[in-house]
Structures are given as structure tokens and as C-alpha cells.
Amino acid sequence: MSVYTQGVVALMGVNILMALSVYAIVMADQVSLGNAGFMAIGAYTSAYLSVKFGIPIFPSLIIGALAASFIGILIGIPILRLEGLYFVMGTFGFGEVVRSFFMNFEPTGGAYGFRGPVGATLPMIYGWVLAFMVFFWLLERSRLGRSLDALRDDAEVASSIGLNVTLLKLGVFWLGSFTAGIAGGLYAHYMFYIESGNFHILVSAMAILCVILGGMYTFWGALLGGVIFSILPEVLRFMGGWRLSVYGSVLVLMMIFRPSGIISRHMVRNAGEWVGGIFRKASS
Amino acid sequence: MGRKTTTAIIVFFSVLLCTLAFHTASFAGPIAGKEIKIGGIFPITGHGANVGKREAIGTQAAVDVINAKGGVYGVPLKLFIEDTASNPQEGVNALRKLAGDHKVLAIVGPHYSSMGETTFPLGNRLRVIQIAVASSKPGLAAANRPYAFRNTLTEDKVAGGVIREFKKRYNIKKVAIMTDIKDAVSKSVGTQVLPPAFKAQGIEVITGDKPVTFQTNDTQFKAQITKLKAMNPDGIGLGALGPDALNIITEARRQGMKQPFMSTAPIMEGELPEKGGKAVEGTFAGAYWLMAVATGESQEFIKAYKKRWETMYTGPYTEKPDYYPVNAYDAVFMIVEGIKAMCVSNKPGELQMDRDKLMYFMAGLRDFKGVASRGFNCVGDGVKDVIVCEIKNARWEALR
Amino acid sequence: MFLQQLVNGLTLGSTYSLLALGFTLVLGLLNMLNIAHGDVFMFGAFLGLSFAMLGVPLYLALILAMAGAGIVTIIIERLCFRPLRKAHFLMPLLSTIAFGIVLQNVATQIWGSEPVRYPQATEITQFQLGPVLVSSIDIIILATSLVLMLGIDQFVKRTSFGRAMRATSEKPQTASLLGVNINWVIIFTFFVSGALAGVAGVLTALVYLQITPFIGIRQGLIGMVAMVIGGVGNLRGAMIGGLIIGIIEVMNDAYFTAGYRDIILFGLFLAFIVFKPEGLFGTKER
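Residue numbers (this note's numbering), protein chains in the order written: chain A, 869 to 1152; chain B, 531 to 930; chain C, -18 to 267.
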């Protein structure tokens, strides 16, 4: 794999994790526009631990993600009461507060940024991606996963059959912020430097776009979306100055013509039979 | 000797001479291959699109000049430009593409300090030099030895000279400082460079360690100017980029302030004299190149730049070169000088050795004769002569 | 100095009010955010600039810029809202984010990424009113904003079209049954919202003197904050919210440091969303 391809694939892994972090929250029928804030907390915490205390990368990633998810719970409790658009605005307000906090917070560099974290490699990033994918795969098949499905379909019915809706929502919010925290830590240790400007609202928005376009009823959608959005800017390099216009236009058009996402719910439900069908054909 | 023997001897020596001539011809040039590849990493889209394009043109212009004179020992240079899109993720990929796919010997760029923060350490791991053409955030090259170089002056080298002239001209005894707190370079000028530089020349800093603050690209400065006016300083020191400086000074004049302003290099970007009119006359700053500089190399650069501009990123915003493309232009010539001095072979199998040779060359380059560059210092930052300037007659004019 | 800063805050705030009004019109009507609104503001400023540079007198350039910005917003409705009515409710919001990227890039390609100067068509005169210094530009901005805001407020309250707008926003099906052409109401609302952003853009550019393709991002977000503080869907709330935000920002810069600005503003935003989502003046029933 060429040095260039390695780089694209590595950052793709981080983007996939961010998409998964959004997907987790989508599983409870909420969309968070503030996951860049959790990414920032994970990034700064783990970077600070690695650089100032020499803590090895694996524990510092975990601690960073735990810090992010802890803040996630604190913020989640008030925000999860909100409905629809207000929840979205709340999460985006949170993301902006985090970003401007880090712009001012001198111990992690403030406006000068924070340099020094090293050690994220391609296998490490994909180790995490794989781990999360396995986790989501198991989650979708579990009883918990079915409870979430029910919640998504109709929250009132779900709560009337005894599901603790609040706890479920908080749980996925914790999961989402944890995932984003890991993504942030890996980003910091891969890019060697972070500053508050790396965690602006567009990062959160792109993660959501991955999920919605890849297909939001299964974690495979987040994966597919992450892949597409990492490759698209590279593929469009030849367009020179108009690159970003084409990129934005492609997104707008994709949303018009395939708003349900590439991998639809139908495909997911029938995936099992479809795969089985292939095996049957192969053996006959 | 018989006739047969003589003939044999003549034939033998002829064949020998021809064979030798043939072999010598293939050893004639020290550079292998059909072209020498160098890379450029600039913001062609995004926030820095205008300046990135100018830097690309400047780099290509240098390549044009060198190739017109026969290249390096007959082998032409080829420049690959990759866009950072003013975005660190893409910047990292652009660097990898240049180093890994195009396999360049050296890279000119990047522009922004925050881009350098992430591409410099990567360059150290890929072991290829980058000669940044802007980026004056203090300590950046020093933290990224040995492959990071910045062909630009850090602001602390400019401040002293400017302040000396500023104090003399306006009889300054006390100043107030107004600074950007979002852009790293401006912030360091306003908070780390100017205060001690003022104090070192016996000037009192009224704002102490709480300067009047704003954020890059703010749309209005009324609050800050009102505050500044109330302090009644003799002069104002700015930590700002050009466009913000323009608005700050304009607002100050609107609110009736008559005191002069000064800063270092960043305010010389953004056409302050042309856009500011009477309001900005008398402002002081420091740079290392002006279009008015009349040296032969400078004129050759301007000519080459203008010629290349006609076929590359043509437009009103790239027509006039400022000192960033000059840095890029000089950087290419530095690379070529390094190729010659260090006997770079350009053989594919010796790519890493060639890259390292260039790195060692740059690390020791002290007496380069460029348009506006003299080489690098021990931490990889550029060495240049400072020109103290003031705005007079709607343009920057050098003092003395 | 305090009084002067207060006046500074009002001037700044009135541009925020115009933006907040635009947001609230669309949000109140369709329960959806147009995130590209800030970029429409930027585009309006540039359109005004282009017309002014062609020699068009300033007031005419302003009107043309308003129209242009309104048209761009109608395009947004066509591409990002109408086709996505049946999709997941957040799709339009995300589509507007993508559209915003396109607007920024187009502006960069046409006008360059570096600040462009607005020709100073009017001379600035300063008036000393007691302890306070007010410039002619300040007066123009305050007056224009006030006139526009009152005009819209009265239009929505008293005209039949205004009634149609309110009906559509509260109960679209009933309104349609009663003969209201929903699509026209929507198009008109979007146009007005865009026009307001365009005016705000031109006015800001007159004070600022320079504009870049990237000024829309932050301005848009702050407009959103003003809208929420005032009360979503509430026109008066948007106006007053904008003024309050302007004053807070100016006071922060005057007495603290510019760095705290966003923390205070977005912290306030978050606090309101969580604890007082109806804002200071109440929201529309939805």
C-alpha cells in the first residue's frame, strides 16, 4: 500500500468511527450535531496524558474516551429531554461551547494548539474500527438492540411495554460520546497536533451525512458512508479550485435522489436471506 | 612495420577511441533520469486559496527560469503541486502523495502554521524536507528538526527594528497593544513579541498583560476602539493580520483617534496602503521584500512570475506577487543549489540518500543569495534582511 | 465609555436581528433550520459589492442585493427543502449545510478568498450626542433594520397574506383546505428571509469595509443564537434577541477578552435550549 493510500485509509478509519458515534445515537432516534465536541474532549485528554505524563497510547485513549463519555452523560441528562430539532440545536450548542473552551484553555495550548501526541498506526486504527463493528454487530442482534428498534419505531409504545426509554437514550448517548472520544484520541495521535479549529461543526455534520447517506438503519451504513466521504475529496482532487463546489453539489443531489440512504432497511432485513441465497447458489 | 600491422593498430585505436567516447557520453551528466521531481504543497482551495495560488505560481516561475537555462546539468525540473484545501486532513494526504506517489526530492510549502504543525512531524517520519513559505508561529521549526525549514522571518526578528524607527519618528513614550487572540501568529506578536520589545526600548506598555483583544475576521471593532481611545496612548502596537489591521485603523480614525499604529510583517498582507487611504498613512511595519525593491534578482522574479501568471491560476487576485511567492521562488533555487553542491544523483534507488543530502544542505545554508533569502539558522528558520517600512503615498515605502 | 459601548452593541445587534428574523421566519413556518442562511448573508454582501463596483448607487445596489439573496434562498428551498419533505426530518438541514459549502466555494472562485473592499459610497460623519459618538453609518443601519423589522411585523399581522403565512405555519392542512396556496406562501417566506439576510450583509459590509467568503459561518450561528434567546418563531423576539446578543458581545469585548465571546454566547444558547427553549418572549405553538 503506497504511503499516500495508507494516509487516506488511516483517516478514513477515524471518519468511520465518527460516523459510528453518530449512528449509536441515531439508534435511539436522535441526531447529534455535537459529536465533534466529544471528539475534542477525547483528543485533548488523551494527547495531554500522552505528552505530559508519558502514558502509553492505549490507556490514554481509553481515559480520553471515558472523559468524553462522562461529559456525555452530564450533558445528556438535560438535553435528552428535548425533542427533535431542539435536541439537535442543544447538541450543536454544546459542540461550539467545547470548541471555544479549548480555544481559551491555556494548559492545552489555547489558540496555539497542542503538539506532540504520536503513535497511532494504521493497524491500531482499524483494530478499533473492527472492535466497534463487532460490538455493533452483537448489539444489533441482542435484546438490547431489539429494544432500541422498538424505541425508534415508536417511543410511546416502547415505554408502555415497559422499556425504560430514558435509560436507553442515555445509554446510546454514552456509547456515541465514547466512540467519538476514541476517534478524537486516534486523530490526535495520528496528526501529531490538534487545535480547537479541528473540531468545528462541519466535522459533526460530515459524520451525520455519512450515516444518513450510507443508510441509517444499520451500522454498515455508517461504515459505507465513512468510506465514501473519505474517498470523495481525494477522487475529486483533479477538479482544482471547484473541488468543494462539486463535493457539496454531489451531497445535495445524493440527498434528493436517495434520501433513505444507500443501504435501506429493506436491504438489512433481507440481508440474511440474500447472503444465504448466494451460498445456496454457490453450492448447487 | 608492415602495412597490415599499421592498419591494425589504427583500427584498434579508432575502435578504442569510439568506445571510450561512447562510454564517456553516458557518464557526462551527474544527474540520472529524465527529470528532477520537486513538490509544492499549498492551499489552492479554501481559506488560503488566493495566497496558495500565488505561491504555486511563484514556485512554478522558478522552475520555468531554471529550465529555460537548461535545467540542472541538462535535466529539467518537474513540479508537482498538491492542494491542502486549508484543511489538515487533506494536507497530510497531499504530503503523502508527493512523498510516496510522486517521489519528490524536496517539498516547497506549506503555508499555514497549523498546517505545518501536522505536516512537519510527518515529513520527519517520511524523511523529506519541507521548506515552508510562510508560517511564523514561534518555535515551530525548532520543534521539528531536522526536516522542517521555514523560509520566512519570525516576528521577533522584525519587531526591534520597527519599534526603534517608530519611537524616533513619533516620540513614543507609552503604547497600548491591541491583539488578535485567535490567530496564533498575531496572538504571539501581540502577547509575546511586542510587549518585551517595547519595554526593551524604554516604552511603557499601558495595557500591561491585558491587551485589548479581538478575533480574526471580526466584522466590527467599535468596542475595542472605544476602549483604546479611553487609554490615550502615544501609539498603538498591533498583533493582527492585514485585513483586520485595515479595519481597526479605519475604525480608529472614524472614532477620532489620531495616534499612529505599528506592527510586524503580517499587516503587510492585504493591501493596507491601497485600501486604507489617508487613514493608514504613517503606519509602520517591517518586511523583507517589497515590489519596489530594485535589485536584479527581484526584477527577474517579477518578470518570471508575471509570465507564468498568464497561464496559471490567472485572475485579479493572483496578479501581483507579494513576499510569499518570493519565498517559494527562492526555495526552488535553494533546492537546485543543494542538488549541485551535494551531488544529488536523482537515481530512484538513491532517493532517500538524495533527500537526506538536501536536508543537510539546508541545515547548513547560511550565505544563499536569493531575491530575499539568505538561508536558514540553526533551528531551521529563515534568515533575511529586515526592511522597516511606512505607509506613504498609498504604498509601503522603505525607510531611509 | 459604558454608554458608547451600549450604542456600539445596538448597532452590531441590529444586523444580528435581521439574521435572526430570517431564521425565525423559516423555522417558524417549516420547523426547519436553514443552515446556509449565514452564507446567503455573505452572498448578499458580495452581490451588493459587485453592483456597487459597477457604479450603481448604493441604495439601488442594496435593493438588488436583497433580491439576489432572496432568489438564492428560493433555490435553497427548491433543492434542499421541497424534494426532501418526505425524507428523514433532518435531511433538509444537512442539505443546507452542503449547499453552504457550495456557496462559499462559488464565492471564493468568483471573488477570491481574500478580503474585498466595499467602495465607500457615503461619507462618514460623526455626531456627538452628549457623551456618545454616533456615525452616519450607525444611524443608517439602525434605521434600516428598524424599518424592515416593523414592516415585516405589521405585514404578518395585518395583511391577508400575512394571515395566510401564520395559518400555514400553524396548521398547513387546514390552511390548504381554506384555499391558501401553501407553496406560494413557502416561496414568499423564503424570499423574504433571504432578502433580510442580503440587507444584513450589505449593511455589515458598509461598516466592516471588507468581506470574505467565510464571514457567513459565524454570523449565521450567532443569528441562530439570537433567534433562540428571543423565542423561536417569534418575530419580536428575534429582533430583541439580536440586540441583546450584540450588546453582550460588545460588553464582553470591552470588559473582558474577546476569547470568552463564543463561550458566553453559546453557553447562553445551550442554557436557553435546555432550560428555557421558548426563549424570552415565547415561541409559536407548534
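Cβ coordinates follow ideal geometry from the N, Cα and C atoms, glycine included. Computed from a predicted model, the values in this text were never measured in an experiment.
* Asked: Roughly how many angstroms separate the alpha carbons of Met886 of chain A and Asn903 of chain A, rounded to a whole number?
  -> It is roughly 8 Å from the alpha-carbon of Met886 of chain A to the alpha-carbon of Asn903 of chain A.
* Contact list for the stretch 763 to 785 of chain B against chain C, Cβ threshold 7 Å -> Cβ contacts with chain C come from Pro773, Leu776, Asn777, Thr780, Arg784, Gln785.
* **Distance, Gly604 of chain B Cα to Thr554 of chain B Cα** => Low confidence applies to Thr554 of chain B: its pLDDT is 45, below 50, so where it sits in the model is not reliable enough to give any reading.
* To do: Below 7 Å between beta carbons is the criterion; list the residues of the stretch 960 to 989 of chain A that meet it against any residue of chain C, in chain order.
  => Within the stretch 960 to 989 of chain A, the residues whose Cβ lies closer than 7 Å to some Cβ of chain C are Gly961, Phe962, Glu964, Val965, Ser968, Phe969, Met971, Asn972, listed in chain order.
* Asked: DSSP three-state call for Phe898 of chain B: helix, strand or coil?
  -> Coil at Phe898 of chain B, not helix or strand.
* Completely contained alpha helix (DSSP H) runs for the stretch 573 to 650 of chain B, where each covers 4 or more residues -> Fully enclosed alpha helix (DSSP H) runs of 4 or longer: 579 to 598, 618 to 626.
* Asked: Taking DSSP as the reference, what is the three-state secondary structure of Ala815 of chain B?
  -> Three-state result, Ala815 of chain B: strand.
* Would DSSP call Ser1132 of chain A helix, strand or coil? -> Here DSSP, grouped into helix, strand and coil, assigns Ser1132 of chain A to coil.
* Along the chain, where does the beta strand (DSSP E) that runs through Val742 of chain B open and close? -> 742 to 744 is the span of the beta strand (DSSP E), which, as asked, contains Val742 of chain B.
* Using a Cβ-Cβ cut-off of 7 Å (strictly less than) and excluding sequence neighbours within five positions of Val137 of chain C, which residues of its own chain qualify? -> Around Val137 of chain C: Gly143, Met146, Arg147, Leu216.
* Asked: Given a limit of 7 Å on CB to CB distance, which residues of the stretch 78 to 92 of chain C reach chain A?
  -> Going along the stretch 78 to 92 of chain C in chain order, one finds Ile78, Ala79, Phe80, Ile82, Val83, Asn86, Val87, Gln90 with a Cβ nearer than 7 Å to chain A.
* **CB contact below 8 Å: Ser793 of chain B versus chain A** => Output row for Ser793 of chain B: interface = no.
* Which of helix, strand or coil does DSSP assign to Ala924 of chain B? -> DSSP places Ala924 of chain B in coil when its eight states are reduced to three.
* Asked: So, helix, strand or coil for Gln731 of chain B, using DSSP?
  -> Gln731 of chain B carries a coil assignment under DSSP once its states are collapsed to helix, strand and coil.
* Does the beta-carbon of Met864 of chain B have 16 or more other beta-carbons within 10 angstroms, so that it is buried, or is it exposed? -> With 16 or more other CB atoms across the displayed protein chains lying within 10 angstroms of its CB, Met864 of chain B is buried.
* Please compile the residues from chain B whose C-beta is within a distance smaller than 9 Å of the C-beta of Ile(-7) of chain C. => With the sequence shown as reference, residue -7 of chain C is identified as Leu, and Ile is not the correct amino acid for it. Residues of chain B passing the Cβ test: Thr749, Gln750, Lys752, Ala753.
* Asked: Going by the beta-carbon positions, is the gap between Gly1089 of chain A and Val1079 of chain A smaller than 8 Å?
  -> Yes.
* Exposure of Tyr891 of chain A, with buried meaning 16 or more beta-carbon neighbours within 10 Å -> Buried is the call here.
* Count the other CB atoms, across all protein chains shown, that sit within 10 Å of the CB of Cys61 of chain C; report buried if there are 16 or more and exposed otherwise. => Its Cβ being crowded by 16 or more others within 10 Å, Cys61 of chain C is buried.
* Asked: Nearest to Val115 of chain C by CA position, among C:Phe70, C:Val188, C:Ala26, is which residue?
  -> Among C:Phe70, C:Val188, C:Ala26, the Cα nearest to that of Val115 of chain C belongs to C:Val188.
* **Phe247 of chain C, DSSP secondary structure in three states** => Note: Phe247 of chain C maps to helix in three-state DSSP.
* Using DSSP with H/G/I as helix, E/B as strand and the rest coil, what is Ala102 of chain C? -> With a pLDDT of only 45 at Ala102 of chain C, under 50, the local geometry of the prediction cannot be trusted, and no value is derived from it.
* Asked: Do Thr756 of chain B and Thr709 of chain B have their CB atoms nearer than 8 Å?
  -> Against a cut-off of 8 Å, the Cβ pair of Thr709 of chain B and Thr756 of chain B comes out as no contact.
* To do: Could you have a look at Leu44 of chain C and say whether DSSP puts it in helix, strand or coil?
  => Residue identity differs from the one stated: residue 44 of chain C is Ile in this sequence, not Leu. Ile44 of chain C: helix per DSSP, three-state reduction.
* Taking only beta-carbon positions, decide if Pro1101 of chain A is within less than 8 Å of chain B. => Output row for Pro1101 of chain A: interface = yes.
* Quick one: using the 10 Å Cβ neighbour count with 16 as the cut-off for buried, is Gly912 of chain B buried or exposed? => A residue is called buried once 16 or more other Cβ atoms fall within 10 Å of its Cβ, and Gly912 of chain B is buried on that count.
* List the whole-angstrom C-beta distance separating Gly892 of chain B from Ile539 of chain B, where the pair is believed to meet the contact cut-off of C-beta under 8 Å. => What sits at residue 892 of chain B in the sequence shown is Met, not Gly. The Cβ separation is near 54 Å, so there is no contact.
* To do: Compare the Cα-Cα distances from Thr841 of chain B to each of B:Gly588, B:Phe572, B:Tyr818 and report the closest residue.
  => Looking at the Cα atoms, B:Gly588 is the closest of the given residues.
* Give a yes or no on whether the minimum CB-CB distance between Gln619 of chain B and chain A is below 8 Å. => The beta carbon of Gln619 of chain B falls within 8 Å of a beta carbon belonging to chain A, placing the residue at that interface.
* Asked: How big is the Cα-Cα spacing for Gly263 of chain C and Val255 of chain C?
  -> Their Cα atoms are separated by approximately 14 Å.
* Go through the stretch 775 to 838 of chain B residue by residue and report every complete run of the beta strand (DSSP E) that reaches 3 residues or more, in order. => If only complete runs of 3 or more residues are kept, the stretch 775 to 838 of chain B shows the beta strand (DSSP E) at 814 to 817, in order along the chain.
* So, do the stretch 898 to 907 of chain B and the stretch 849 to 864 of chain B have three or more beta carbon pairs nearer to each other than 8 Å? -> Contact holds: three or more Cβ-Cβ distances are below 8 Å.
* To do: Taking 8 Å as the cut-off, decide whether the C-beta atoms of Arg242 of chain C and Glu259 of chain C are in contact.
  => The Cβ atoms of Arg242 of chain C and Glu259 of chain C lie no closer than 8 Å to each other.
* Asked: Which class does Met220 of chain C belong to by DSSP, given the choice of helix, strand or coil?
  -> In the structure shown, Met220 of chain C sits in a helix (DSSP, three-state: H, G or I).
* Exposed or buried, what is Phe1106 of chain A when buried is set at 16 or more other beta-carbons lying within 10 Å of its beta-carbon? -> It counts as exposed.
* Going along chain B, which residues have a C-beta under 9 Å from Thr185 of chain C? -> The answer, in chain order, is Thr749, Gln750.
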